[in-house]
Amino acid sequence: MADDKYANSKCFILSPDGYEEITYSELCRRRDTDTTYEDRKFIPLHGMLMEVTPEQYAEFYRAQNRQRYLDRRSAENGDISVDMLTTDEFNGTDILIDTAEPVDEQVIHKIMSDKLTECLSLLSEDEQELIRKLFYEKLTEREYATEKGIYHNAVHKKKVRILEKLKKLLES
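Okay, so the sequence shown: first residue is 1495 according to our numbering, each after it adds one.
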């Protein structure tokens, strides 16, 4: 206990009534004047010193030595852990979250895409062109109407009719 890094720490010693809080300087004074304090075991705990049984003391340092051994082995092997990836800005466990679409939803999406492609092929060339321009090339109804030289209203009504037709084809 010659280590002065605990000079401002609280110390807890075992007494018949449980733990008693004393200062580090009081602990040092008792150790110097009372020979029973020479054999007492203390472990650092959250910046404090806490008296423990010899068995607890041995287990505490055995666990610490094991952790140091594991840390050294990990460093030698180049191991990384999720905890090593955690910073103030990033949580390492976030990389373990699977953001992919579930397989069943992927299958449904594929089936529906294939069915839509099949239904689109059943439309007339004019209907296919309108769908392609509005939904694939992202033209607005007004832009398409201007391109074709027709009224915007006519494009909108035609789009609604085609979508109703596609809906019926998809449901059949």
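Where is the CB? At the ideal position from N, CA and C, for every residue including glycine.
Among residues of its own chain, excluding the 5 on either side of residue i, which ones have a beta-carbon nearer than 6 Å to its beta-carbon?
| i | result |
| --- | --- |
| Asn1502 | none |
| Leu1579 | Gly1586 |
| Val1649 | Glu1635, Tyr1638 and Ala1639 |
| Pro1548 | Lys1535 |
| Met1542 | Ser1503 and Lys1504 |
| Leu1660 | Cys1613 |
Is it true that the CB of residue j sits closer than 8 Å to the CB of residue i?
| i | j | result |
| --- | --- | --- |
| Lys1653 | Leu1616 | no |
| Leu1657 | Leu1610 | no |
| Phe1506 | Tyr1513 | yes |
Out of the options, which one is the CA nearest neighbour of residue i?
| i | options | result |
| --- | --- | --- |
| Asp1577 | Arg1524, Glu1619, Ile1589 and Glu1621 | Ile1589 |
| Asp1533 | Ser1607, Ile1516, Leu1539 and Tyr1551 | Tyr1551 |
Taking the alpha helix (DSSP H) that residue i falls in, what are its first and last residues?
| i | result |
| --- | --- |
| Tyr1645 | Per DSSP, Tyr1645 belongs to no alpha helix (DSSP H) and is neither H nor E. |
| Ser1607 | Val1597 to Leu1614 |
| Glu1631 | First-last for Glu1631: undefined, no H or E at that position. |
| Phe1584 | Where Phe1584 is concerned, there is no enclosing alpha helix (DSSP H), given that its DSSP letter is neither H nor E. |
CB-CB under 7 Å to residue i, same chain, minus the five flanking residues each way: which ones, in chain order?
| i | result |
| --- | --- |
| Asp1511 | none |
| Glu1621 | Ile1656 |
| Ser1575 | none |
Using a 10 Å radius around the Cβ and a threshold of 16 neighbouring Cβ atoms, would you call residue i buried or exposed?
| i | result |
| --- | --- |
| Tyr1518 | buried |
| Glu1570 | exposed |
| Glu1545 | buried |
| Leu1521 | buried |
| Ser1666 | exposed |
| Leu1475 | Nothing can be reported for residue 1475, as the shown portion of the chain is limited to 1495 through 1666. |
| Leu1564 | exposed |
On the DSSP letters alone, give me the boundaries of the beta strand (DSSP E) that residue i sits inside.
| i | result |
| --- | --- |
| Ser1509 | Lys1504 to Ser1509 |
| Tyr1513 | Gly1512 to Thr1517 |
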